[in-house]
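J.:
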Amino acid sequence: MSRNLRHFTTLFEELKDHAVELDVLNAPETGAVALDRFMLNVLASFSEFERDLAATRIAESRAHLKAHGRRIAGATPFGYFADRHTKQLVICDEEAAAVTRMFQWADAGVTPAVIASYANALRWITGAGNPWTARQVLSILTNHTYAGLVVDGFAFREGCHPNLIDREVYHRVQNLIAARRTGVPGRHGGRTGITWIVRGLLICGGCGRPMSTHSVRTGPVIRRYYRCRSTAGGREPCKGVIVAAHEIETAVLREIGAGSSLLSKEQAASVKERVRGIVYDADTGKVRIEMIKPPDDSARDEAEATGRREGTK
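In the working numbering, the protein residues as written are 17 to 329.
(1) Taking the alpha-carbon positions, what's the Y296 to H34 distance?
(2) In the DSSP output, what is H230 paired with across the bridge?
(3) Using a threshold of 8 angstroms, state whether the C-beta atoms of L105 and T92 are closer than that.
(4) Mind checking which residues open and close the beta strand (DSSP E) that includes Y96?
(5) Runs of 3 residues minimum, wholly inside the stretch 141 to 201: which ones carry the beta strand (DSSP E) assignment?
(6) For L21 versus A60, is the C-beta spacing smaller than 8 angstroms?
(7) With 16 other CB atoms within 10 Å as the buried threshold, where does L218 fall?
(8) Who are G216's beta bridge partners in DSSP?
(9) Can you give the Cα-Cα distance for R225 and V189, rounded to whole angstroms?
(10) Count the other CB atoms within 10 Å of the CB of T9; is the residue buried (16 or more) or exposed (fewer)?
(11) Could you pull the start and end residues of the alpha helix (DSSP H) that D33 belongs to?
(12) Where do the ends of the alpha helix (DSSP H) carrying V122 lie?
(13) Please report how far the alpha carbon of R207 lies from the alpha carbon of S231, in whole angstroms.
(14) Quick one: using the 10 Å Cβ neighbour count with 16 as the cut-off for buried, is V200 buried or exposed?
(15) Using three-state DSSP, classify V126 as helix, strand or coil.
(16) Below 8 angstroms between beta carbons: does that hold for V185 and D123?
(17) Excluding the 5 residues flanking E271 on each side, which residues of the same chain have their C-beta closer than 6 angstroms to its C-beta?
(18) Starting from the Cα of I107, find the closest Cα among A150, S133, V303, A163 and give me that residue.
(19) Identify whether R207 lies in helix, strand or coil by the three-state DSSP scheme.
(20) For I74, which three-state DSSP category applies?
(21) For the beta strand (DSSP E) containing E306, list its first residue and its last residue.
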């Protein structure tokens, strides 16, 4: 009935309360006496143990694959096919050439809409056999798999699959896409309604430079991140420094006591009024928040006295 001992016991007692007899086809000798009930509980315990053991082995196997940058599951990206035996990604030469060309165009500043028109003019088709659209091209350009990366929690790590695009080209394309999304205030923000609560305040703990915003749309779902992409001072961005926006924004709002009932724009305003800076340490995952200090008692008393004097004039 169930591979959970507690659930089995609950169901068994409920059947007993309703005068329903339980007959086990694989063990017809079990009945309603004490020894039979004991054997049923033993069998249920072994069933739960077997289930937990299988779950543990699967989790360990997934962790091992992830630690070695190997593919676990998911759809096969355009440009690859899955090996029949290992299930790992192998380059599909014809599709890979199209992906490489799309990144070259994007690196030259061509927009996804124009790239889609180029692809259709060349009679390229998607993996589903359809013409290309701007949204599908954008999905290609923002896919970290082509740079040889795999997702590990809120960060990226090296994958074992072959990359199609140089890491430098991939990062340049991401910067171009992010600049189009956030470069002109009010132009693009109205479409998605995204409010970045700690933008301009969040600093990378590794290099001390501001972290930029990044969003990925999958259908109706928008995943938001902050990442270190600054090249200020002529230095390369910190590799793999990325954190989910919801995670760090929630931590900051909890620290300053901002209510969850506030609108996101009100939350952003509250943060900017009370927070001087936020430092994210990617190595430890810790966040350090520097608050704007309130005036001391003497300054507050002087301000109140000044206000009273002005009120009597």
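Note that beta-carbon positions come from the ideal geometry of N, C-alpha and C, so glycine has one too.
T.: Straight from the coordinates:
(1) 59 angstroms
(2) Y241
(3) yes
(4) 96 to 98
(5) 165 to 168, 171 to 174
(6) yes
(7) buried
(8) Paired residues: none, contrary to the question.
(9) 20 angstroms
(10) Outside the shown range of the chain, which is 17 to 329, sits residue 9, and nothing can be said about it.
(11) 21 to 33
(12) For the sequence presented, residue 122 should be read as Ala rather than Val. 109 to 123 is the extent of the alpha helix (DSSP H) around A122.
(13) Any answer about R207 is weak, because its pLDDT of 48 lies below 50 and its placement is not dependable; what the coordinates show is given next. The C-alpha of R207 lies about 13 angstroms from the C-alpha of S231.
(14) With a pLDDT of only 42 at V200, under the threshold of 50, the placement of this residue in the model should not be trusted, and no figure is reported.
(15) coil
(16) yes
(17) I305
(18) A163
(19) Note that R207 scores a pLDDT of 48, beneath 50, so its modelled location is shaky and nothing firm can be said.
(20) helix
(21) 302 to 307
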